[in-house]
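For reference, the structure is listed below as structure tokens.
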Amino acid sequence: MLRNQSAWVPMLLLTLVLIALALVNPQFAVGLLAIVIVVGLPMIYMGYIYYLGEARTVRGDLRGAIRHYDRVLSLKLPMNKAAILIRRAALRNAVGDVDGAIADYTAAMDKLPTTDPALYGVRAALYLGKRDYQNALEDSDKLLQFQPRSEVGFANRAAARMFLGDTQGAIEDCAHGLEVENSPSGKALLYNNRGTAYRLQSDYADAMADYNVALSVALPEREKIMIHPAIMTNQGIVYYLQDDYENARIYFQEANTLNPGFYKAVAALAAARFKLGQVPEAQKLWMELLRAEPRYRDAPFLQRDLHLPMQIMADISDLIESLKM
622 MLRNQSAWVP
632 MLLLTLVLIA
642 LALVNPQFAV
652 GLLAIVIVVG
662 LPMIYMGYIY
672 YLGEARTVRG
682 DLRGAIRHYD
692 RVLSLKLPMN
702 KAAILIRRAA
712 LRNAVGDVDG
722 AIADYTAAMD
732 KLPTTDPALY
742 GVRAALYLGK
752 RDYQNALEDS
762 DKLLQFQPRS
772 EVGFANRAAA
782 RMFLGDTQGA
792 IEDCAHGLEV
802 ENSPSGKALL
812 YNNRGTAYRL
822 QSDYADAMAD
832 YNVALSVALP
842 EREKIMIHPA
852 IMTNQGIVYY
862 LQDDYENARI
872 YFQEANTLNP
882 GFYKAVAALA
892 AARFKLGQVP
902 EAQKLWMELL
912 RAEPRYRDAP
922 FLQRDLHLPM
932 QIMADISDLI
942 ESLKM
């Protein structure tokens, strides 16, 4: 808020100067006033509309903030369009418009006078969320060209590589990433990704070892709620793939308890209960999940969004069929 108010400070000082000049040299004061009107008023207006967008975001009106920035970007006024596009991209991602977020980040990158490597990392993560692994790989490569020791670059590239079939390359990327000085969340993510690469190689012992290390990394509570459910779900998947449905259920349940909004854990938990013969409980979980995310009624969206192993997806299909009986 103070940042937006700062646009008023020079204008207030200039107004005081104009008043003083008007008493001494009225003609010069009139000329300076014209400059203020042409240059200063757009500055004040832009400061005001920046504030409106932030205010709506703080209130939780994310779609309203997006519409506000839509209007701002349509104005033919001098502005930092790249900064506004980046703000709108973050908001679009928050409301689930991943394609719109990618488009905004791309447009912002085109308008920046110099390259901001961090945006390659952000866009790569969005591509990963879309399962667009080739573009995620390319953005991760670009990030690592600018920042060869980027933990984000190594983690994102490892994820892209493993799902493109290069699991050994993913393991190597995670190893390189762990050699640099990592943030706690980066360290957890790298161990988690390497664990998944091992899992895709059916090396379940090494996968579980890496997941355990990832889970042991001390994280702030907010990051723990975001990261730990994914790791716990991956641990459950290792047991599920070995037909140990009870231990799988335990991990899925822990993930669901920690973050009920992590739908991948809910779906996997429903599948595990179904395999354990707990059909009513599994059906109830699945119906609750569909109420929370109706798009899961669409099979292609379900597979793409959850990205669970085919063995689990096949059991989910059987669970869905049981609801029709």
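Position in the sequence shown (from 1) plus 621 gives the number in this note's numbering. Each residue gets a CB set at the ideal place from its N, CA and C atoms; glycine is no exception. Remember, predicted model here, so these are calculated numbers, not experimental data.
Where the alpha helix (DSSP H) containing residue i begins and where it ends
i	result
K702	702–715
K763	754–767
K885	884–896
S837	825–837
L785	Looking at the DSSP string, L785 is not in any alpha helix (DSSP H), and its letter there is neither H nor E.
T727	719–732
V743	738–750
Y860	842–862
N803	From DSSP, N803 is part of no alpha helix (DSSP H); its letter is neither H nor E.
H914	A quick correction: the sequence has Glu, not His, at residue 914. No alpha helix (DSSP H) contains E914, which DSSP labels as neither H nor E.
N877	866–879
Distance between residue j and residue i (C-alpha atoms, nearest Å)
i	j	result
P921	P769	36 Å
P915	D824	35 Å
K896	Y861	10 Å
Q580	A869	In the structure displayed, the chain extends from 622 to 946; residue 580 sits before or after that span and is not available.
V773	E842	21 Å
Q932	N880	24 Å
V834	Q789	20 Å
G717	M946	34 Å
D936	A796	34 Å
S771	L683	30 Å
Y754	G681	32 Å
K697	L944	56 Å
R709	A913	25 Å
N777	M934	25 Å
D939	G882	23 Å
A791	S695	43 Å
Same chain, Cβ closer than 7 Å to residue i, neighbours up to 5 away in sequence not counted
i	result
R692	none
L747	N714, V719, A722, I723
D953	A query on residue 953 cannot be resolved here, the shown segment of the chain reaching from 622 to 946 and no further.
P805	V838, A839, L840
V900	S943
L923	Y917
Nearest neighbour of residue i, chosen from the options [CA to CA]
i	options	result
A722	L706, L733, K732, T878	L706
Y872	G882, A886, D864, L862	A886
I941	R918, G898, P881, N833	R918
A779	L749, P805, L879	L749
E875	Q899, I846, V900, G898	I846
Y690	L712, A776, R680	L712
L764	A686, D787, A781, D737	D737
I848	A757, N756, V859, L810	L810
G786	N756, Q822, A757	Q822
Cut-off 8 Å between Cβ atoms - residues of its own chain near residue i, not counting five sequence neighbours on either side
i	result
R752	F784, R925, H928
L910	Y884, V887, A888, A891, Y917
N877	P850, F883, A886, V887, L890
Nonlocal neighbours in the same chain, by C-beta distance under 6 Å from residue i, ignoring five residues either side
i	result
K732	K702, A703
D760	Y741, R744, A745
Y812	D831, V834, A835
K808	V838
A739	none
N814	A776, A779, A780, C795
F767	P738
Contact test: residue i Cβ vs the ligand NAP heavy atom, cutoff 7 Å
i	result
D720	Of ligands this structure carries none, so the ligand NAP is not represented either.
Is it a yes or a no for the region 888–907 touching the region 716–732, going by three-plus beta-carbon pairs under 8 Å?
-> no
Sufficient close CB pairs (3 or more, under 8 Å) joining the region 818–833 to the region 798–806 | no
Counting Cβ pairs closer than 8 Å, one from the region 846–853 and one from the region 863–870, do we hit at least three?
-> no
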